[in-house]
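J.:
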Amino acid sequence: MVLRDLGLELGDGQLLMLRGHNGAGKSSLLRCLAGLLPWRTGSLQWCGGTLSPQDPAYQRQLAYMGHQAGMSDTLTGMENLRFALDLMAVSWNEARVQAVLQALSLTGVVARPFGRLSQGQRRRLGLARVLLGERPLWLLDEPDNCLDVQGEQYLVEALEQHLASGGMAVVASHRNLVLPTPRVSILDLSRSVVTTAMNEQVAVC
8 MVLRDLGLEL GDGQLLMLRG HNGAGKSSLL RCLAGLLPWR TGSLQWCGGT
58 LSPQDPAYQR QLAYMGHQAG MSDTLTGMEN LRFALDLMAV SWNEARVQAV
108 LQALSLTGVV ARPFGRLSQG QRRRLGLARV LLGERPLWLL DEPDNCLDVQ
158 GEQYLVEALE QHLASGGMAV VASHRNLVLP TPRVSILDLS RSVVTTAMNE
208 QVAVC
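In my numbering, the protein residues as written are 8 to 212.
#1: Among residues of its own chain, excluding the 5 on either side of Thr81, which ones have a beta-carbon nearer than 8 Å to its beta-carbon?
#2: Should the region 140-155 be called in touch with the region 172-182, which here means at least 3 C-beta pairs below 8 Å?
#3: Using DSSP bridges, identify the partner residues of Met56.
#4: Is it buried or exposed for Gln75, if we count other Cβ within 10 angstroms and need 16 for buried?
#5: Can you name the start and end residues of the beta strand (DSSP E) that Val177 belongs to?
#6: Could you tell me if His181 is buried or exposed, where buried requires 16 or more neighbouring beta carbons within 10 angstroms of its beta carbon?
#7: Just tell me which of Ser50, Leu69, Gln128 and Asp195 has its CA closest to the CA of Met85.
#8: Using C-beta distances below 6 Å, list every residue in its chain close to Ala91, excluding the 5 sequence neighbours before and after it, in chain order.
#9: Could you tell me the distance, in whole angstroms, from the CA atom of Leu13 to the CA atom of Gly115?
#10: DSSP three-state call for Val97: helix, strand or coil?
#11: In whole angstroms, what separates the C-alpha of Pro150 from that of Leu37?
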């Protein structure tokens, strides 16, 4: 058992940053919240009701970005985006798509097969999928991995805009993403301690 006796609460406009050494359970926690790993015990409360993490009503509210891209190497970047948005039942908005691709410096590469993109380009395409999915809850596992300085800055801006619009996010990262919003808490899974933006420490029990 990697995680036990863990209770989390997240509200509109809030972000929980996951820290901890390798094997502390950051990825496992995100996969549990995304409904990809079974829970031995515990419950999930969403909008006042108790749901299974696999419940379609909950799944329609989240966007998950894991270590693996979850995209087809043979399809182009654009084809992967179309396929993903179709699965999420999100209408294709060409202007919105082009704006996101331009912001992420992807307009010149999305016509290539996904398998021929660099690791950084793949990561940015995964972020584009999250942004275009328009889900209120983001679950992001090392989203800054393989990103250059420009890509990391856009990630921070995207998170800020998401939170400002009332969205929520749980993010695992080894790097120190600087988010000026006061509604950021840090959960150190190595120590089971939550640190709020006001540097208040609360033991997780």
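Ideal placement from N, C-alpha and C gives every residue a C-beta, glycine not left out.
T.: In short:
#1: As a position in the sequence shown, residue 81 is number 74, starting the count at 1. Same-chain partners within the cutoff: Pro120, Phe121 and Gly122.
#2: Touching, per the Cβ criterion.
#3: To locate residue 56, count along the sequence shown from 1; it is residue 49. For the record, residue 56 in the displayed sequence is Gly; it is not Met. Partner(s): Trp53.
#4: Along the sequence shown, read from residue 1 onward, the residue named residue 75 stands at position 68. Gln75 should be labelled exposed.
#5: Position 170 of the sequence shown, counting from 1, holds the residue named residue 177. Start and end: Met175 to Ala179.
#6: Position 174 of the sequence shown holds residue 181. His181 counts as exposed, since fewer than 16 other beta carbons sit within 10 angstroms of its beta carbon.
#7: The residue you call residue 85 lines up with position 78 of the sequence shown. Residue Gln128 is the option with its Cα nearest to Met85.
#8: Translated into positions along the sequence shown, residue 91 becomes position 84. Cβ within range, chain order: Arg136.
#9: In the sequence shown, counting from the first residue as 1, residue 13 sits at position 6. In the sequence shown, counting from the first residue as 1, residue 115 sits at position 108. Straight-line Cα distance between these residues: approximately 44 Å.
#10: Within the sequence shown, numbered from 1, the residue matching residue 97 stands at position 90. Per DSSP, reduced to three states, the secondary structure at Val97 is coil, with no helix or strand assignment.
#11: Taking the sequence shown and counting its residues from 1, one reaches residue 150 at position 143. Taking the sequence shown and counting its residues from 1, one reaches residue 37 at position 30. Those two C-alpha atoms are separated by around 12 Å.
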